[in-house]
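Worksheet: the structure to be examined is printed underneath.
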Amino acid sequence: MIASSGTTIADLGLALRNGTTTAATLVDECLAAIAAHDPVLNAFITVLSDDARRQARTLDEELARGIDRGPLHGIPISLKDIIDLAGKPTTAASRLRTEHRAPADAPVAARLRAAGAIFIGKCNLHELAFGTTGEESAYGATRNPHAPACVPGGSSSGSAVSVATGMALASIGTDTGGSIRIPASACGVVGLKPTHGEVSVAGVVPLAPSLDHVGPIARSVGDAATLYRIMRDGSGDVRRSAPANEPPVDSRPRLGIPRRYLLDLLEPAVERAFAGAVERLERSGWRIDDVDLAHAADTAPIYLHTQLAEAADCHRADLENRPAAYGRSVRLRLELGRYVLAEDYVRAQRGRSVLTAEVDAALIQRAALLLPTLPVVPPRIGTESIAIGKVTETTRALTLRLTQLFDVTGHPAISVPCGTAGGLPTGLQLVGRRGETEHLLALAAACEAALGRVTPWAYSPRAFARSSS
Amino acid sequence: MQLDDWFEHARRDALRRGLPDLEPLLDMLFRATRKLRAADWARTGELDAAGREVTAGDDAGARAGNVDPAPPRRGAGR
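Chains as they are written, first to last, in the numbering used here: chain A, 44 to 512; chain B, 341 to 418.
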């Protein structure tokens, strides 16, 4: 049921309640998918088979007794292995943390557990969430399920792969510069970064606290909304979650495309896919115009000085005492952060205020900003730089280019599949007003409907077998 | 701190600490910092040569030497 279609949590909730399936069956299906595909894709660091089966039995018994915990009851999900789960290691894909055991569930995990989610396993990631490809991990690189020679995007690489392949129904990731949205785009699933501060980051290994976000990766916008609400306030019930004064989504919403810096460096295949999605939305009556974010081109240095300095601070003790435990590339970037001057960190914070005000202003008359999630097709593993026309940029700089701005400003942003570019999935990014993540989700659901839900995971084992052989 | 001075200090410190591979990353950070300091808003609040506060869009910061337009010095082995 899970692996053979684009079945969503909402679909399975119905099946669980009408007796068509059981939580135990769903867990077995996920474990079978893991056994079949993970030896190549490497999405998991820890598979929690016994715990998941035990949880499933309990939850099936509860449903049989009429105890219903809500929309996640009996649904197998995965967690990025940067989020604490009581008694389990939180490796963050680093040799630094091989001996770690979490003393308790992170608050987000506790809420998901209380809501009846079953944790099927903990997912691989770019080491310490410090990277955008999923290549660098003490547990080996994660591969893109649609083309195993290519990166799946990161840092929540295993999370997106697990959802795209039916190894889990959804996953929880983190996003400091784009780490939920980038792999969601590259793997053909939905990824939501809520407004900064809405979802607790306690019990999550920090990278840069003023930029860190926790959010869901799912097969549909509706599923992402369910997970977001439960992580935010413990309830997946939209009636309890939507503020009474929340404006309904306009049937002809006005969106702005931020031209210049954010749209001037796209691979042609991505440009075509984006233009096609815009055209489909306009045919559905959406009003789309251009908007200018005057200082968007300053985003990268602002992000860099903030992220490097905060990451170096988070890791100062281990950099001194256990430097050899880091992967080479991640250690070098953390060391780089120790050279950021205080005066430049302060300048970067001033720049954040400028950018935040500009994005706020662009959204006064518009429901959202609209742009691609990634400017490039997922590159082959090992690609260090990419040429677009006459411009060559590092893979890291390019993959962060369209997402990091909204970590800097804290605005909610979601990546929705919008077709393929170069034969691989590509995502459309919608950015909403700060504090209005619910409104963004409603808009994204309308977008998903207008685009025709692009098979949320075009992956098929047969296609995978061909491309990996 | 002037950017050229910072770069030379950082480069020497990285070599002293046995991290020669940091040099290209320091060069990248140098370029990013130069861009950061050159932004019009980055000069807001600084004082110009006459002790007046610079406001956004004012280029007095550059005139007062607060923006370092020089490219990185190319030291031996770089």
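Where is the CB? At the ideal position from N, CA and C, for every residue including glycine.
- Look at Ile120 (chain A) here: in three-state DSSP terms it is strand.
- For a cut-off of 8 Å, the C-beta gap from Pro226 (chain A) to Ala251 (chain A) is around 18 Å, too long to register as a contact.
- Against chain B, the CB of Ala360 (chain A) has no partner CB under 8 Å away; the residue lies outside that interface.
- If you check the CB distance, Val373 (chain A) and Leu168 (chain A) do not come in under 8 Å.
- The continuous beta strand (DSSP E) containing Pro301 (chain A) extends over residues 297 to 301.
- With its beta carbon at least 8 Å from every one in chain A, Arg356 (chain B) lies outside the interface.
- Look at Asp344 (chain B): its C-beta is not under 8 Å from any C-beta on chain A.
- Exclusion of the five residues before and after Glu241 (chain A) leaves Arg275, Thr480 as the residues of its chain whose Cβ lies within less than 7 Å of its Cβ.
- When secondary structure is reduced to three states using DSSP, Lys375 (chain B) falls in the helix class.
- Look at Asp361 (chain B): its C-beta is under 8 Å from a C-beta on chain A.
- Residue pairing by DSSP places His256 (chain A) opposite A:Asp218 in a beta bridge.
- For Pro421 (chain A), there is no enclosing beta strand (DSSP E), as DSSP marks it with neither H nor E.
- For Glu363 (chain A), the closest alpha carbon among the candidates A:Gly370, A:Gly49, A:Thr349, A:Glu378 is that of A:Glu378.
- Taking one beta carbon from each stretch, the region 183 to 194 of chain A and the region 303 to 320 of chain A have fewer than 3 pairs nearer than 8 Å; the two do not touch.
- Counting C-beta pairs with one atom in each stretch, the region 471 to 486 of chain A and the region 453 to 462 of chain A have three or more that are closer than 8 Å, which means they touch.
- The beta carbon of Ser198 (chain A) lies closer than 6 Å to those of Leu168, His169, Ala172, Gly174, Ser222 in the same chain, with the five residues before and after it left out.
- Using a 10 angstroms sphere on the CB of Ala147 (chain A), the tally of other CB atoms stays under 16, which defines it as exposed.
- Proximity of Glu378 (chain A) to chain B, defined by a Cβ-Cβ separation below 8 Å, is satisfied.
- Annotated as distal: Ala213 (chain A) and Ile126 (chain A), with beta-carbon spacing of 8 Å or more.
- Note on His349 (chain B): under 16 other CB atoms within 10 angstroms of its CB, so exposed under the neighbour-count rule.
- Between Ser396 (chain A) and Arg224 (chain A), the alpha-carbon positions lie close to 23 Å from each other.
- Counting only unbroken stretches of 3 or more residues, the beta strand (DSSP E) elements lying wholly within the region 156 to 189 of chain A are 161 to 166, in sequence order.
- Of all residues in the region 338 to 349 of chain A, those with a C-beta nearer than 8 Å to a C-beta of chain B are His338, Asp341, Ala343, Pro344, Ile345, Leu347, His348, reading in chain order.
- Segment contact: the region 442 to 458 of chain A against the region 407 to 420 of chain A, three or more CB-CB distances shorter than 8 Å; contact assigned.
- Taken atom to atom, the span from the alpha-carbon of Leu102 (chain A) to that of Ser92 (chain A) is near 15 Å.
- With its beta carbon less than 8 Å from one in chain B, Arg393 (chain A) belongs to the interface.
- For Arg352 (chain B), none of the residues of chain A pass the 7 Å Cβ criterion, the least Cβ distance being about 11 Å.
- One finds nothing in chain B with a Cβ atom closer than 9 Å to the Cβ of Asp307 (chain A); even the nearest lies about 17 Å away.
- The alpha-carbon separation between Gly425 (chain A) and Val313 (chain A) amounts to approximately 21 Å.
- At the C-beta level, Val292 (chain A) and Leu486 (chain A) come within 8 Å of one another.
- Put simply, of A:Glu353, A:Leu106, A:Arg272, A:Glu325 the residue whose alpha carbon is nearest the alpha carbon of Ser253 (chain A) is A:Glu353.
- Against chain B, the CB of Arg444 (chain A) has no partner CB under 8 Å away; the residue lies outside that interface.
- Shown here, Ile126 (chain A) sits in a strand according to DSSP, grouped into three states.
- About 6 Å separates the Cβ atoms of Arg351 (chain B) and Glu363 (chain B), confirming a contact at the 8 Å cut-off.
- Where Cys73 (chain A) is concerned, the enclosing alpha helix (DSSP H) starts and stops at 66 to 84.
- Within chain B, not a single residue places a beta-carbon under 9 Å from that of Arg477 (chain A); the smallest gap is close to 20 Å.
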